[in-house]
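Take 124 as the starting number for the sequence shown in my numbering and just add one per residue. Beta carbons: idealized from backbone N, C-alpha and C, even for Gly. Note that the coordinates shown come from a computational prediction; the quantities given were computed from them, not determined experimentally. See structure below.
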Amino acid sequence: MKIGDKDFWRFWKKSRRKLDKEKARQVLSDLMHLAHMPDELSGSLNENQWLISRFADNLPPHHTFWRDLAQLVTQAFPKNSLSQMGKLERQIHQFRYVISSQQAQYIRKYYKKPGMTDTQALAVYLGSRSRFSYSLNASARLHNKVAIAQGAVVYPGGQESFNIKVLLNRSHTEFILSSQGNFLNELDAEEVTEAGIVNGASFNYGRGRQHWALDVKPVALHDPAFRKKWTTKYRSPKYIKKQLTHKLVDEAEHSYFNQSGLYAKDGYSYFEWVQREGQNFKRQIKAFSPSDNFLHSRYRRIKYSFKKICRSFYGKKFKQKKKQ
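Okay, here's the thing in structure tokens:
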């Protein structure tokens, strides 16, 4: 049985009946067993490929399963309990990286044609979805970690990149794209890179206030050792929009928004460079979208519903008017 196949859906439906906190934890424990989730991820390519093989091929990033899983984790680990010591807690946190890798592989398998980049493949996928089903507006600051050496910016992997974030499925699914057109993932089933380990995507269990408790706070305790080793020297630009006191002069130099700070380039802040990449990606989505893509499927559903209403009220008269 694989996650997402027919047998799995029978298990998933049956196991989620009359859930309480303890039963939710048991379902998650069964899921970790089914996923062959180790106690500690190694980050090796062979392990990454094996873990991705535990998913059915036809489990897309927009599937409702991911929202159900996030809800199950929320129920099993209320408040800050996911930040406590425990085997299941550690597995569930690290499973976020496995999910993001699986979702990237889905895009590569079904949307990436020869000669395409990951970015182009994702643009094709998003072009087939409703414009309201994804967001390009979320901050990517935490996924643009760099090092500062002798006043110069050092990028993970040694290659300059201004990474953008794409969210969908109610912000649970996350993709990080590099300037070179690659998916960035802590785990990758095709190539393990320093840039991916440091700045990669991770599935989000929580939304709003729950995001901190379920996704951010557990990092300090439960992140895999291989990632902690690689991220030691890298830091995200600071969220400082303006200088309020003289004490913040040094801090302002490290600001994400400073056009002349340590992270700036050619008179533009790091934030502005990331925004440029985001605009370029929007144009790619538009280029790969159908020419009649006005509000996509949502518009078509509304139009179809409107026609049904008109027929119910006007009957044959509506058809005659349409022919005229």
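Outcome for residue i when other beta-carbon atoms lying within 10 angstroms are tallied against a minimum of 16
i, result
"Lys351", "exposed"
"Arg140", "exposed"
"Arg358", "exposed"
"Trp396", "buried"
"Gly274", "exposed"
"Gln282", "exposed"
"His216", "buried"
"Ser262", "exposed"
"Thr242", "buried"
"Arg332", "exposed"
"Ala244", "buried"
"Leu291", "buried"
"Ala272", "exposed"
"Ile408", "buried"
"Ala246", "buried"
"Arg133", "exposed"
"Tyr220", "buried"
"Ser392", "buried"
"Met160", "buried"
"Asn203", "exposed"
"Ser284", "buried"
Pair within 8 Å by beta-carbon distance, residue i and residue j
i, j, result
"Glu309", "Gly323", "yes"
"Ile287", "Gly401", "yes"
"Val289", "Leu168", "no"
"Val276", "Tyr379", "no"
"Ser206", "Lys361", "no"
"Leu250", "Ser412", "Rather than Leu, the amino acid found at residue 250 in this sequence is Gly. It is a contact, given that the beta carbons lie within the stated cut-off."
"Leu154", "Val196", "no"
"Tyr248", "Ile222", "no"
"Pro279", "Ala343", "no"
"Phe182", "Gly127", "Here the sequence assigns Leu to residue 182, which means Phe is not the residue at that position. A contact, by the Cβ cut-off of 8 Å."
"Asp180", "Lys236", "no"
"Phe117", "Leu259", "For the chain, the structure presents residues 124 to 447; residue 117 sits outside this window and is missing."
Reference residue i; option with closest CA among the options
i, options, result
"Phe326", "Trp189, Gln398, Asn171, Phe131", "Trp189"
"Gln225", "His216, Tyr257, Thr296, Asn267", "Thr296"
"His266", "Val276, Tyr233, Ser301, Thr242", "Ser301"
"Gln194", "Leu337, Leu385, Lys364, Phe411", "Leu337"
"Arg252", "Asp162, His185, Arg177", "His185"
"Phe255", "Ala179, Pro183, Ser294", "Ser294"
"Phe178", "Ser165, Asp162, His156", "His156"
Those residues which DSSP pairs with residue i across a bridge
i, result
"Ser258", "Leu290"
"Phe298", "Val289"
"Ala270", "Val277"
"Arg139", "Paired residues: none, contrary to the question."
"Ala348", "Bridge partners of Ala348: none, in fact."
"Lys388", "Tyr391"
"Ala324", "Asn308"
"Lys364", "Answer is none; Lys364 lacks a bridge partner."
"Glu126", "Note that residue 126 is Ile in the sequence shown here, rather than Glu. Answer by DSSP bridge pairing, in chain order: Phe178."
"Arg358", "Val269"
"Ser378", "Lys361"
Anticipated Cβ contact below 8 Å, residue i with residue j, distance rounded
i, j, result
"Lys137", "Phe131", "Not a contact, Cβ separation roughly 11 Å."
"Asn171", "Asp311", "6 Å"
"Ile299", "Trp353", "With 8 Å as the limit, Ile299 and Trp353 do not qualify as a contact, their Cβ atoms being about 15 Å apart."
"Ile175", "Gln228", "6 Å"
"Ala147", "Ala199", "4 Å"
"Lys356", "Ala270", "5 Å"
"Gly166", "Thr240", "Rounded, the Cβ-Cβ distance is 23 Å, inconsistent with contact."
"Ala348", "Glu163", "7 Å"
Any chain D beta carbon closer than 8 Å to residue i
i, result
"Leu310", "The structure shown contains no chain D; it holds only a single protein chain."
Any non-hydrogen atom of the ligand ATP within 7 Å of residue i CB
i, result
"Arg133", "For the structure depicted, the ligand ATP is absent and the ligand set is empty, with no information on it obtainable."
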